[in-house]
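Asker: Sending over a structure as structure tokens; questions will come in a sec.
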Amino acid sequence: MRVFQIFLRVLPLLLSFRRDQKRWLLVGARLTRSPAFHERRAERMVTTLASLGPTFVKLAQLFAGRADIIPEPYVSAIGTLTDRVPGVPADKIRASLIESYGAPPETVFEFFDVQPLAAASLGQVHRARVDGRDVVVKVLRPGVEQLVAGDIRAARRILGLIASRLNTPHVAGLRTVLDEFEKRVTDEMDFRQEARYAQQVRRNFATSPNIRVPEVIDAYTRQRALVLEFIDGRRVDQLGDWITTGRVQADDVLRSVMELYVQMMMVDGLFHADPHPGNVFVDTDGRLTLLDFGMVVEVPIETRRTLVQTVFASIRGDVEKVVDGFYALGLIEPGADRATIVTLAAQLIALANEHTTATERIERITRLADEVMSTLYDFPVLLPGDMVYFARTAALIEGLGVRYDARFNAIRFATPIVLRLRREILASLGEPLGGERDVATVIGATLGSLVAIARRASREVVTTLASNLIPVLTSRS
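Numbering (the working numbering), first residue to last: 2 to 478.
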């Protein structure tokens, strides 16, 4: 019954998206949609997703990192979903805590605030006090495990129906995200696993003066309840008045964000895979604070090494090696026409080497995108596995950068951090220490290209290719 409820809710949206390609669903030319239309449809989409419950809110947040299949303004609209999740009634939270602790919260804790501090798709957070310490208690939503399992089954059935009528790389991309979601969400609903990840990341940053990870209160952590030290602060995207008054410096915040993700991805290989602004704070002392470790992934060393090699090839202008890297990373479907991709990559390299301003280059890229996609809408560009999470991080870094600094340059921020961490990065990649400055520069460029993966271009194919070539190549001019 749930599958029919979901299908009926999403059917108007599915038909609307289908008519973008075929005016009469099966035949006819593509419809031309105005920016205002896309904004209205994006708002309708997030309203529908919010009404379907926590599974689809969480799934949509994962889709928000997929610049190859979810363009603007839909990405920005999905970002508002974190503010639309309704809270769980106090009596249900109380019952859940009694089940976890065998006693009511007012007995377990010296103080427990029944009003939630925040509500998320899978859990809800409350202020409390234990052993004289201010803490937060994250409580799993009652019944969410069964709901998520059923919703995933329903989503697979609906996606299978769509694929039978429209088997395109975009649909394949949706399947990839759903597969990743199913793998990760089970761990995310066991707070003991989240506690282990939080403790490991805290150890990794124990010596950092600029980055803080809350302490897990082990004695009070259960499968459905996680207790952490309380850290007061502001969301990283809501620092306007702090910056205006000089309480924090925008450059310092952006540098700390970059340092955080450089170390996680390139040194530790343990990557916080849910990097929306609600999970990244700045505390009252100006330190960057990372929250919510439900979705953490290990980055395989071969993935990291391939990223570095691909960007190094782009710096040399070796188009064939760049395309090899895209295939190795799973960015291109195995059966795709390689010659077409090589031609496009060569055009992008030529564009990057022209002596034009960044604005002019972006305009040229956009025109190229429109030309390509006017004849080849279903281009075989994918964003699989680990790249999904890198793209989400790219979106966070890019969004913060342009919010606080109109001249933000990811490479400028990444390079000194990478140089400082070069020995650790090389050791983690199993590379010799000789020539470390060159390798560090390549890794810095990699971070710049990852930021650009999520760049809001007009079409998916050139977004993906340009993001991995243009920022790196233009850094030489």
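Here a beta-carbon is modelled for each residue, glycine too, at the ideal position from N, C-alpha and C.
Contact check, Val149 vs Gln125 under 8 Å by CB: the rounded distance?
Answerer: That belief does not hold up - the Cβ atoms of Val149 and Gln125 are roughly 15 Å apart, past 8 Å.
Asker: Starting from Phe409 and walking both ways along the beta strand (DSSP E), at which residues does that stretch end?
Answerer: Premise fails: Phe409 is in no beta strand (DSSP E) and is neither H nor E.
Asker: Applying the 10 Å Cβ sphere with the 16-neighbour rule, what's the burial state of Arg24?
Answerer: Exposed is the call here.
Asker: So is Lys139 buried or exposed if we call it buried at 16+ other beta carbons inside 10 Å?
Answerer: When all chains shown are included, Lys139 counts as buried.
Asker: Taking the straight line between their C-alpha atoms, what separation do you get for Phe57 and Pro105?
Answerer: Taking the straight line joining both Cα atoms gives about 31 Å.
Asker: Name the DSSP beta bridge partners of Gln125, please?
Answerer: For Gln125, which the question treats as bridged, DSSP gives the partners Ala120, Val140.
Asker: Thr222: buried (16+ other C-beta within 10 angstroms of its C-beta) or exposed?
Answerer: Thr222 is buried by the Cβ-count criterion.
Asker: Would you grab the beta carbon distance between Arg236 and Pro278 for me? Rounded to a whole angstrom, and I think it's under 8 Å.
Answerer: With 8 Å as the limit, Arg236 and Pro278 qualify as a contact, their Cβ atoms being about 5 Å apart.
Asker: Looking at Thr307: is its Cβ nearer than 8 Å to the Cβ of Gly326?
Answerer: Taking 8 Å as the Cβ cut-off, Thr307 and Gly326 qualify as a contacting pair.
Asker: Around the C-beta of Arg185, are 16 or more other C-beta atoms found within 10 angstroms, so that it is buried, or is it exposed?
Answerer: When all chains shown are included, Arg185 counts as buried.
Asker: Express the C-alpha separation of Pro87 and Ile426 in angstroms, rounding to a whole number.
Answerer: Those two C-alpha atoms are separated by around 42 Å.
Asker: So for Ala30, helix, strand or coil by DSSP?
Answerer: DSSP places Ala30 in coil when its eight states are reduced to three.
Asker: Beta strand (DSSP E) containing Phe272: first to last residue?
Answerer: That run of the beta strand (DSSP E) goes 271-273.
Asker: In this structure, does DSSP put Ile7 in helix, strand or coil?
Answerer: Note: Ile7 maps to helix in three-state DSSP.
Asker: Are Ala78 and Ala43 close, meaning C-beta to C-beta below 8 Å?
Answerer: A contact, by the Cβ cut-off of 8 Å.
Asker: Three or more C-beta pairs under 8 Å: does that hold for the stretch 254-274 against the stretch 290-304?
Answerer: In short, these stretches touch, since the Cβ pair count reaches three.
Asker: Considering only C-alpha positions, which residue in the set Ile218, Thr311, Gln200 is nearest to Val136?
Answerer: Comparing Cα positions, the closest option is Ile218.
Asker: Pull the bridge partners of Gly234 from the DSSP assignment, please.
Answerer: Note: Gly234 sits in a beta bridge opposite Asp284.
Asker: Closer than 8 Å by C-beta to Leu14: which residues in its own chain qualify, once you throw out the five before and the five after it? Chain order, please.
Answerer: Closer than 8 Å at Cβ, skipping near neighbours: Arg42, Arg45, Met46, Thr49.
Asker: Here's the rule I'm using: 16 or more other beta-carbon atoms within 10 Å means buried, otherwise exposed. How should Glu111 be labelled?
Answerer: Looking at its Cβ environment, which holds fewer than 16 other Cβ atoms inside 10 Å, Glu111 is exposed.
Asker: What is the DSSP secondary structure of Glu299, reduced to helix, strand or coil?
Answerer: Here Glu299 sits in strand by DSSP.
Asker: Per DSSP, Leu291 is paired with what?
Answerer: For Leu291, which the question treats as bridged, DSSP gives the partners Val281.
Asker: What's the gap between the Cα of Arg20 and the Cα of Ile153?
Answerer: Cα to Cα, Arg20 sits roughly 26 Å from Ile153.
Asker: Do you know how far the Cα of Val172 is from the Cα of Ser209?
Answerer: So the two alpha carbons sit approximately 42 Å from each other.
Asker: Check the DSSP bridge columns for Phe112 and list the partner residues they point to.
Answerer: Paired residues: Arg130.
Asker: Below 8 Å CB to CB, which residues in the same chain sit around Leu160 once its five sequence neighbours on both sides are set aside?
Answerer: Val172, Leu175, Arg176, Leu179.
Asker: Which two residues bound the contiguous alpha helix (DSSP H) that contains Val145?
Answerer: Note, Val145: alpha helix (DSSP H), 145-166.
Asker: With DSSP collapsed to three states, give me the class of Ile218.
Answerer: Coil at Ile218, not helix or strand.
Asker: Using the DSSP secondary-structure output, state which residues sit across from Ala226 in a beta bridge.
Answerer: DSSP, once it has assigned bridges, lists Val140, Arg223 as partnering Ala226.
Asker: Looking only at its chain, what residues have a beta carbon closer than 8 Å to the beta carbon of Glu100, apart from the 5 residues adjacent to it on each side?
Answerer: So the list reads Arg225, once near-sequence residues are dropped.
Asker: What separation, rounded to the nearest whole angstrom, lies between the Cα atoms of Asp338 and Leu162?
Answerer: Cα-Cα distance, rounded: 27 Å.
Asker: With DSSP as the reference, identify every bridge partner of Asp135, one or two as the case may be.
Answerer: Note: Asp135 sits in a beta bridge opposite Arg130.
Asker: When DSSP builds the beta bridges, which residues end up paired with Arg213?
Answerer: Note: Arg213 sits in a beta bridge opposite Thr290.
Asker: Give me the residue from Ala329, Leu330, Val323, Leu332 with the minimum Cα distance to Thr344.
Answerer: Selected option, being the one with the closest Cα: Val323.
Asker: Does Met2 pass the burial test, meaning 16 or more other C-beta atoms within 10 Å, or should it be called exposed?
Answerer: Flag for Met2 reads exposed.
Asker: Let me check understanding here. Comparing Cα to Cα, which of Gly241, Leu82, Phe8, Arg288 lies closest to Ala51?
Answerer: Residue Leu82 is the option with its Cα nearest to Ala51.
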